[in-house]
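Participant: Dropping a structure here in C-alpha cells format, bear with me for questions.
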Amino acid sequence: MISVAEALDQLFALARPLEVETVPLLQAHRRILAQDVAATRDQPPFDGSAMDGYAVTEVAPGLRLKVIGESAAGHGFYHPVKSGEAVRIFTGAPVPEGATAVVIQEDVTRDGDWIIIGDSPEDNTHIRPAGGDFKVGDTICAGRVIGPNDIALFASMNIADVPVTRRPVVALISTGDELVMPGEPPGRDQIIASNTLGLHALMQDLGAEPRLLPIARDNEASLKTAFELAQGSDLIITIGGASVGDHDVVANLAPQLGFEQSFYKVAMRPGKPLMAGRFGDAMMIGLPGNPVSAMVCGHVFVAPVVRAMLGLKAQPAPRRTALLAQALPQNGPREHYMRARLTDAGLVAFGSQDSSLLSIMGQADALIVRAPKDGPRAAGETVDYLPLR
Ligand code: AMP
Ligand code: MG
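Just add 1260 to wherever you are in the sequence shown, counting from 1, and you've got our numbering.
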C-alpha cells in the first residue's frame, strides 16, 4: 500500500497535459489560460481626463481663462491650448496638447465663454497618463483560471480570442448489478447510482467535459462494452468493483481488457481500494464504490489530476487550517479524511465516519486531514482540512 502523497505523484506522472485551443473571449470564463497573452495597445491610449472640468495650462486662484473648445469621450479636441485658454473636458476625453491639468468643474465659475478658477482649486491634475493602466506587450502569464476580472482586462487589451487548454473528456463508469440510474424504478435488491452523478458535477466544476456512460454490470462483456464506449476520452473513471471479491469486476477483469496498472491500494480512509494506470491512450482511475469513498477520492485525487491536465500546477488539493471545536481520538495507520462541519467555534467531526453515509457527506463543509498515527487532538488545536464548499 502506498501513501496518499506517493499515489498523487504517480497520478501526476500518468496525467498528460492537453492541447491548446482558441475560444472567443465570451467563452473563456472559467477556462485555463494555456499561453501567455499580451496587450495589443496602451490603455488609456492617450492622456485622458479623470474628471469633468476644464483642461488648462496653469492653475491659480482667481485666474480668468477663455474657453476655446470642448473635448468629450470619443470626440477629442485636437488644437493646442495656450496660456490664458481652457478647454471644456469630460471624463475619458483626450487631454488637449499643451494642457497640464484639469480643473474640476466644481472649482470653476463659468461666465459665458470664460471661466474663473475658484479660491482653492485642487492640487490633483486629474490626468490619467497614456499607458497608465497597461502598455502594449504587458503580459498575463499562462496557467491561471480565467475569471470575470480577467475577462474585463483581456477585453480592454483587445484580446478577442483566448488560448485555453482543451477540456479533458472524462468517462464515468459505474459498475454493479445492484445499480439503476436516478428516476428508474429499482428492483427490490437494487439501489440508485449516486457516485457517477456526484463526480459528474465535480468534473463540471473543474472545467472538464464529463461523459456519463451506461452502468456496467458485474460481468466481463458489460465492462468491455463500457470501456469501448469510453474510447476517445482522456480520463476513464470506474467506480466500484475495486476490491478483490468474486464480483469485483474492475480489479479482476480490467487488466485483461487493456488496463495497465500503476498502483493499487492507498493507505487512506476512506478510499483504500483505489487503482490507477493507463488504458490505451487514456489515463484510468478506479475508484472505490462506497459513495463517500468515491467522492473523497474525487476531491483528493481526481480533482488535482484534472487540474494538472488543464495546465495548472500539479499539486495536492489546497488545504486550509482551522481550530478544532471538539477533541479527536488517536488516528489509525492510514491517512484519514474526516467529514466535519465548520462552525463559528471551529471544526466538528461527525460522530459516524462510515464510508457509505452520503447524508453526512452532504452536510459536511470540510474533510479534516489526519496523518497516519496522528495522536489524539484536543479542542482548540489547529488542524488541516480540505474545504468542500
Ligand atoms: P463495490 O466496490 O463494487 O463492492 O461497491 C461498494 C459499495 O458501494 C457497495 O455497497 C455498492 O453497492 C456501492 N456502490 C458501488 N458503486 C456505486 C455507485 N455508482 N453509486 C452508489 N453506490 C455504489
Ligand atoms: Mg460492485
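Positions of the beta carbon are idealized from the N, C-alpha and C atoms, including for glycine. It should be emphasised that the depicted structure is a prediction, and the values quoted were computed from it without experimental measurement.
#1: On a CA-only basis, which of 1331, 1336 and 1360 is nearest residue 1344? Give me that one, please.
#2: Rounded to a whole number of angstroms, what is the C-alpha to C-alpha distance between residue 1296 and residue 1418?
#3: Cutting at 7 Å between CB atoms, please list the residues of its own chain near residue 1673, excluding the five before and the five after it.
#4: Does the distance from the C-beta atom of residue 1313 to that of residue 1341 stay below 8 Å?
#5: Would you mind working out which of 1386, 1635 and 1367 sits nearest residue 1353, comparing C-alpha positions?
#6: What I want to know is whether the C-beta of residue 1531 ends up closer than 7 Å to one or more non-hydrogen atoms of the ligand MG.
#7: Smallest Cα separation from residue 1505: which of 1412, 1549, 1383 and 1426?
#8: Which residues does DSSP list as the beta-bridge partners of residue 1346?
#9: If contacts are defined as beta-carbon pairs under 8 Å, then residue 1483 and residue 1517 qualify, I think. What distance do you get, rounded to the angstrom?
#10: Excluding sequence positions up to five away, which residues of its chain have a Cβ less than 7 Å from the Cβ of residue 1454?
#11: Rounded to a whole number of angstroms, what is the C-alpha to C-alpha distance between residue 1315 and residue 1350?
#12: Report yes if the CB atom of residue 1414 is closer than 8 Å to the CB atom of residue 1422, and no otherwise.
#13: Contact defined as beta carbons within less than 8 Å: I believe residue 1378 pairs with residue 1362. What is the distance between those atoms, to the nearest angstrom?
#14: How would you call residue 1562, buried or exposed, if buried means at least 16 neighbouring beta carbons within 10 angstroms?
#15: CB of residue 1439 to nearest heavy atom of the ligand AMP: below 7 Å?
#16: Give the DSSP-derived three-state secondary structure of residue 1414 in the structure shown.
#17: Return the Cβ separation of residue 1432 and residue 1456 in integer angstroms, given the expectation that the two are a contact with Cβ distance under 8 Å.
#18: What number of angstroms, rounded off, separates the C-alpha of residue 1403 from the C-alpha of residue 1571?
#19: Can residue 1424 and residue 1281 be called in contact, C-beta distance under 8 Å?
#20: Going by other Cβ atoms of all chains shown within 10 Å of its Cβ, with 16 needed for buried, is residue 1596 buried or exposed?
Facilitator: On the basis of the data shown:
#1: 1360
#2: 14 Å
#3: The chain is shown from 1261 up to 1649; residue 1673 falls before or after that span and cannot be answered.
#4: no
#5: 1386
#6: no
#7: 1549
#8: 1316 and 1327
#9: Correct: roughly 7 Å between the Cβ atoms.
#10: 1551 and 1618
#11: 9 Å
#12: yes
#13: Not confirmed; about 14 Å, so no contact.
#14: buried
#15: yes
#16: Correct three-state label for residue 1414: helix.
#17: 4 Å
#18: 6 Å
#19: yes
#20: So residue 1596 ends up on the buried side.
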